[in-house]
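**Q** The numbering of the sequence shown is the working numbering, which starts it at 45 and goes up by one.
Positions of the beta carbon are idealized from the N, C-alpha and C atoms, including for glycine.
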Amino acid sequence: MAWDEWNQLKENAAQKGNTAMRLNRVPDSDGPSGPPPGGDLAVDQQDLAAVGDAAYRLFDRLGRQGRDAWSASQTAAQGLRTQGFALGDALDHVQERWEAQLKTLLDACAHVSNHMDFTQGAHAGDEHYIYGTVSSIATLDAGFTERTQR
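1. Would residue 115 and residue 135 be called neighbours here (beta carbons separated by less than 9 Å)?
2. Report buried or exposed for residue 96, applying the criterion of at least 16 other Cβ atoms within 10 angstroms of its Cβ.
3. Let me know the secondary structure DSSP gives residue 199 once reduced to three states.
4. Nearest-angstrom Cα distance between residue 143 and residue 121?
5. Return the CA-CA distance between residue 59 and residue 153, expressed in angstroms with no decimal places.
6. Spatial neighbours of residue 54 within its chain, please: CB distance less than 6 Å, with the 5 preceding and 5 following residues excluded, ordered by chain position.
7. Beta-carbon separation of residue 156 and residue 94 under 9 Å?
8. Report the three-state DSSP secondary structure of residue 107 (helix, strand or coil).
9. Here's the rule: buried if 16 or more other CB atoms are within 10 angstroms of the residue's CB, otherwise exposed. What is residue 103?
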């Protein structure tokens, strides 16, 4: 686009007068579209247990096997350094980065596993509703119904 063409476009836009910001969006529809009220995500205790269990198994296996190459890598790095190869320092650097990333991943797995355990316990008494999980309001309602029928 040439400079003259750009100036012409700016001038045309200025002549239209409306320089306020406008956002494009989808027009509102008349009928119900989208998820039902309360969302459409439903999770049961088995789902939470499976996620927590997978995170724990990954944590356990990474903790045991994630450092298998550490000793051999350190020995190789020291041997290369001793012989004057710069690759020894590079290998040591890679091993340090691996250890840092491994610790981060182990922390994340532990966090997920612990959070799933906590969530399971915190929501153990929740009732399941067709569109998701709701609190125990139905139990309170049943109590009111009993009292009013006496």
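**A** From the atom records:
1. no
2. buried
3. Nothing can be reported for residue 199, as the shown portion of the chain is limited to 45 through 194.
4. 15 Å
5. 59 Å
6. none
7. no
8. helix
9. buried
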